[in-house]
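Going down the list, the sequences are from chains U and B. Under my numbering, the very last position in the first sequence is 556; numbers go up by exactly one each time. Under my numbering, the very last position in the second sequence is 1892; numbers go up by exactly one each time. Every residue, glycine too, gets a C-beta built ideally from N, C-alpha and C. Source: prediction; values computed, not measured. Below is one structure, written out as structure tokens; the observations come after it.
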Amino acid sequence: MGLLSLAIWVPIAFGTALLAFGRDENARGVRWVALVGAIVSFLVTVPLYTGFQNGTAAMQFVEKASWISRFNVNYHLGVDGLSLWLVLLTSFITVVVVISAWEVITERVNQYMGAFLILSGFMIGVFAALDGILFYVFFEATLIPMYLIIGIWGGPNKIYAAFKFFIYTLLGSLLMLVALIYLYNKSGGSFDILSWHKLPLGSTAQTFLFFAFFAAFAVKVPMWPVHTWLPDVHVEAPTGGSAVLAAIMLKLGAYGFLRFSMPIAPDASHEWAWLMIALSLIAVIYVGLVALVQEDMKKLVAYSSVAHMGFVTLGFFIFNELGVSGGIVQMIAHGFVSGAMFLGIGVLYDRVHSRQIADYGGVVNTMPKFAAFALLFAMANCGLPGTAGFVGEWMVILGAVKSNFWIGLGAATALIFGAAYTLWMYKRVYLGPVGNDHVKELTDINAREFLMLSLLAIAVLWMGIYPKPFTDVMDVSVMELLRHVATSKLP
Amino acid sequence: MIDKLSWVAIYPEIVLLVMACIIALVDLSTTSARRTRTYILTLLTLAVVAVLTGMAANDGKTIYGFGGMVVSDPMGNWLKCFATVALMVTLVYGRPYAADREMLRGGELFTISMFALLGMFVMISGSNFLLIYLGLELLTLSSYALVALRRDNAVASEAAMKYFVLGAMASGFLLYGLSMLYGATGSLDVNEVFKIIASGKVNHQVLVFGLVFIVAGLAFKVGAAPFHMWVPDVYQGAPTAVTLLIGAAPELAAFAIIIRLLVEGLLPLAIDWQQMLALLAIASLLVGNLAAIAQTNLKRMLAYSTIAQMGFMLLGLVAGVVNGNTYNAQFAYSASMFYIVTYVLTTLASFGIILLLAREGFESEEITDLAGLNQRSPLYAGVMAIAMFSLAGLPPLVGFYAKLAVLQALIASGQAIYIGLAVFAVIMSLIGAFYYLRVVKVMYFDAPVTVSTVSAPRDVRAVLSVNGLLILVLGIVPGGLMTLCAKAIVATLAN
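In structure tokens:
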């Protein structure tokens, strides 16, 4: 069994075992098994980075076996510079999420932990799949655990949110399925994604494919105007669900653009780049403004996610190296930062059971350690140099200015809004005199929460101060991708 | 081999018939209310039959017997094998339910269901229009009797009445169509009719006229819209064990006669019947999915879901012949066969759960009766969730590959209109996902009404677990079953 298979199946095996054998009576054991499972699956992914060859755009750690011979579907895995860090990010966030739920979740612990571990395996599968059907199976399968996570452990309006999440994202993916089957027939019976990259396609076909993929990935990212499910879902989802959703699930969509839309339909991508850029800029600027007026912390961070993901798609569709690399870096940075923001809100919510900004004030007085972490993550969210948030945004803006000054200017204004809504929220929640009795009775974070936030803080600072390990692995792959996008696939 | 009697071809039928008679006699001397002896004998017989048909299917040989009246080919034998297993599972699930409701008093449940299976066998292996019709009647007459098994229950009697009247009308349609075909071609033999039509000497108009009646009759039988009116009432009204009996295994037989009549007999008219099936499929997808959303009764919802699923299955048959070319036929028909087999597998699981819950003294027919099942029994909630997600067509469950195969058959035709049909089907299945999800929602998100855990006899528990697991395992490795269906269809088309 190869490393990638292990990375996918170890968490799924642990998760399944928890579902089958775990009971609430032995919740303690369940938690430890879940933690061990998450750590083991993280450790399994580490050799992917240490053994990765930087100088080549070829797929690495490739595994290939016939799966459904009737349709020539293969169990085909591999990672390149575009997907490597996303795999690591996924297994890392899963560890953090398991820690975050430790004593917070008391009912059906085995199902909660099991769902997250299985979800983690599915998501790694999405990033590692090189076969269209395998990709689709993992992409869709993520819906099932996430639906249950939101619906079982979510807030008061959870059922509405769970349905909205499921139906919205399912619609997009089903259209993608039609596109995948179309490509299969067009390529003479192959579901190999890499061979599709070389397939000549007419301009009408490319346009249809582009929009079929757009339906799947834009909803997932989510881009304006199909982002409306995200705030609803975030508000209702449990803390861990929000963290995984923002940190990883949104990246499934962005990754899809890199792996499918751009290299398979390059001419259509160029033709419709203006639309993608326009939608991204709207996400960055308009949604940023929407975030400014939110009164619910989770909603605010949810809208800020939409805005930050706008940077990612903007970076991709300006088609230069800085932009695309910046987009990928931003994906990973946002994974750390948004995960941290949601977990931080979770820490407050566990104590006060409110997410309204107005219910807080002066938290720094009673929870100084926590407030320090929160400040770091807030800074990262505004893109302060030295934190993870800065690197990606800066690269994207630089790339945008290179392609068109006005696009660059538009993107850059977002930094101002980002700083505005994040810092204003920080001020209202943490600074000033103690706001009310609830805040007065708050206790500072315990060792578990400290550990969880430290892990993320280290990641955020490391990426901000020394981003070289992140950019080095993707350089060649990005160049290769841009070469594909620059070559017309018209017959 | 045509002029020999070829008893080999009908061994399973003989075993079934003889044993059904013997079991009926044995039952006379049985006094136990749970009919254990009859039950075990029936299961044993069915196991033998399943092995016999399975072995015949594995041989891969095609044998014609009795002057070409019957045919034993891989497709037929596999379908028979699956139908037998489906009936066994049905009886395992249904016995405790039936016993609790005193439906076992006369032991008819077992003997009649064996005669129903015999009817299916005759339908599946008939190579002559008359024989196929006889098989169909044997199956439907048995089904009418089964639906009416609870004589004192007004709802069941009403359902039986509706089923009988509409079913008889459908049979009339089918018979009328067949007689027209006979009038035009002068033969009732499937292969003979094929040859005569292919020679082009027959008046096309007469044929199409007959075809319309045949397709309408078949549509009634599979419950495709707009001939679906009986399905919800009968599914809801019949005792749940019987609902499963008429909703699972017979679908396999219905698929077989569609292949026998339309493909083996009337393939030269494919252009005409493909259009009709396409319209039926569109109507079924629309009616089934939209009406299912509004249902609060679980059995009724599953009835509408069946209509929608049959629509999807019919879509597979639509793309077989493209511009008079049959290169796509084996993909299309084997996709439909895969669809129907996996559909039966999933239906068994979902009704199995309903039967299990219904034993708790009430009928457990409303969707809300499942509330909080996850807290009461995670295993059964898990099986039901797997079945629902599979019906919704979500990977990694087998229902996804069924939909994938059908969509692939449509898109492989390369016709813009069929690609449009594929997109339509996809959007309809999105609507379908909504009501399947609602069942999952009730089980996992709602608070339970009662807190008692669900108990089940050991055999039911084991079979149900295997059933659920199979939906998942076939979703992870669907290749084998797909290849099996493909080979079976290729062998049938080769004749």
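- A contact between stretches requires three or more CB pairs, one per stretch, nearer than 8 Å, and the stretch 1608-1619 of chain B meets this requirement with the stretch 1641-1659 of chain B.
- With respect to the 8 Å criterion, Leu-1871 (chain B) and Val-1795 (chain B) are classified as neighbours on the basis of their beta carbons.
- Taking a C-beta cut-off of 9 Å against chain B, the contacting residues of the stretch 128-141 of chain U are Ser-131, Trp-132, Ile-133, Ser-134, Arg-135, Phe-136 and Val-138, listed in chain order.
- With respect to the 8 Å criterion, Gly-483 (chain U) and Asn-446 (chain U) are classified as neighbours on the basis of their beta carbons.
- In the DSSP assignment, Lys-129 (chain U) falls within the unbroken beta strand (DSSP E) covering 125-133.
- Within chain B, Phe-1842 have C-beta atoms less than 8 Å from the C-beta of Lys-223 (chain U), given in sequence order.
- If you check the CB distance, Leu-182 (chain U) and Gly-94 (chain U) do not come in under 8 Å.
- Among the bridge pairs identified by DSSP, His-141 (chain U) is matched with U:Lys-129.
- When CB distances to chain B are screened at a threshold of 8 Å, the residues of the stretch 228-252 of chain U falling below it are Phe-228, Phe-231, Ile-232, Leu-235, Leu-236, Leu-239, Leu-240, Leu-242, Val-243, Ile-246, Tyr-247, Tyr-249 and Asn-250, in chain order.
- Burial of Gly-1717 (chain B) is indicated by the presence of at least 16 other C-beta atoms within 10 angstroms of its C-beta.
- The closest CA to that of Ile-170 (chain U), considering only U:Arg-96, U:Tyr-212, U:Phe-230 and U:Pro-287, is found on U:Arg-96.
- CA-to-CA, the gap between Ser-70 (chain U) and Thr-478 (chain U) works out to about 43 Å.
- Distance check between Leu-1514 (chain B) and each of B:Met-1673, B:Thr-1487, B:Pro-1775 and B:Phe-1463 places B:Thr-1487 closest, using alpha-carbon atoms only.
- When 9 Å is used as the limit between beta carbons, Ile-77 (chain U) is near no residue of chain B, the shortest such separation being about 10 Å.
- Gln-1633 (chain B) counts as buried, since at least 16 other C-beta atoms from the protein chains shown sit within 10 angstroms of its C-beta.
- The Cβ of Tyr-201 (chain U) sits closer than 8 Å to at least one Cβ of chain B.
- At a beta-carbon threshold of 9 Å, the residues of chain U lying near Leu-1804 (chain B) are Leu-242, Val-243 and Ile-246, ordered along the chain.
- Contact between Thr-1481 (chain B) and Thr-1450 (chain B) holds: their C-beta atoms lie close to 6 Å from each other, under 8 Å.
- Rounded to whole angstroms, the gap between the alpha carbons of Asn-1686 (chain B) and Ala-1782 (chain B) is 19 Å.
- For Val-1467 (chain B), the uninterrupted beta strand (DSSP E) segment begins and ends at 1467-1469.
- As DSSP reads the structure, Val-163 (chain U) sits in no beta bridge.
- Below the 9 Å Cβ cutoff, chain U contributes no neighbours of Leu-1711 (chain B), its closest Cβ being approximately 19 Å away.
- Judged by DSSP in its simplified three-state form, Glu-168 (chain U) adopts coil rather than helix or strand.
- Secondary structure at Gly-1523 (chain B): strand, using DSSP grouped into helix, strand and coil.
- Take Trp-261 (chain U), set aside five residues on each side of it, and the residues of its chain with a beta-carbon closer than 7 Å to its own are Leu-248, Ser-252 and Ile-329, in chain order.
- Around the beta carbon of Lys-1592 (chain B), a 10 Å sphere encloses fewer than 16 other beta carbons of the protein chains shown; the residue is thus reported as exposed.
- Taking a contact as a CB-CB distance under 8 Å, the pair Lys-1477 (chain B) and Pro-1409 (chain B) counts as one, their CB atoms being some 6 Å apart.
- Distances from the alpha-carbon of Phe-1786 (chain B) to those of B:Phe-1842, B:Gly-1708, B:Leu-1869 and B:Ser-1576 put B:Leu-1869 closest.
- Boundaries of the beta strand (DSSP E) harbouring Tyr-1461 (chain B): 1460-1462, taken from the DSSP string.
- Separation of Leu-521 (chain U) and Phe-401 (chain U) (C-alpha to C-alpha, rounded to the nearest whole angstrom) is 6 Å.
- Under the Cβ criterion (8 Å, minimum of three pairs), the stretch 1453-1467 of chain B does not count as touching the stretch 1712-1732 of chain B.
- For Leu-1752 (chain B), the enclosing alpha helix (DSSP H) has its first and last residue at 1726-1755.
- The beta carbon of Gly-464 (chain U) lies closer than 7 Å to those of Gly-380, Ile-383, Asn-385, Leu-387, Gly-388 and Gly-391 in the same chain, with the five residues before and after it left out.
- Taking Trp-74 (chain U) as reference, the option from U:Val-284, U:Lys-263, U:Glu-458 and U:Ser-185 with the minimal CA-CA separation is U:Ser-185.
- Unbroken beta strand (DSSP E) runs of no fewer than 3 residues, entirely contained in the stretch 1402-1465 of chain B, are found at 1460-1462, following chain order.
- In this structure, the CA atom of Arg-1434 (chain B) is about 7 Å from the CA atom of Thr-1427 (chain B).
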